[in-house]
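Below is one structure, written out as structure tokens; the observations come after it.
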Amino acid sequence: IDGVDDVNQKDRLVEEGDWFGPGSRIIITSRDKQLLSQCVDVYEVKLLRYDEALELFSGKAFKSNRPKKGYEELSYRVIHYAGYLPLALKVIGCSLFGK
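Just so you know, we're using my numbering here: the sequence shown kicks off at 21 and counts up by one.
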């Protein structure tokens, strides 16, 4: 369950979740740690470091591990806009490739 931002949303999906099979695990993603307080296991995803984010974005946008000359500032702005999140960096990078 991705992007849960309301405790009622989580509760409805989980408590009324008799549509889950026996032994199923429910994976919930949320930026609100309070919503996850009743969960059995919580895994906190660490953000990428800037150099990791730059390499990931550059690989998708420029097919290189570094930005093309003249695109350093744009890359910096995209990384901050994407919040260092890998999926966002991949999507934005792929959409900018060749443009």
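Glycine residues also receive a C-beta, built at the ideal position from the N, C-alpha and C atoms. Owing to the predicted nature of the structure, the values given are computational and were not obtained by experimental measurement.
Secondary structure of C59 (DSSP, three-state): coil.
Put simply, the region 77-88 does not touch the region 44-54. Fewer than three CB pairs are less than 8 Å apart. A direct Cα-to-Cα measurement between N28 and Y91 gives close to 44 Å. For R97, the uninterrupted alpha helix (DSSP H) run begins and ends at 92-101, by DSSP. Per the Cβ contact rule, the region 100-108 is in contact with the region 53-73 (3 or more Cβ pairs under 8 Å).
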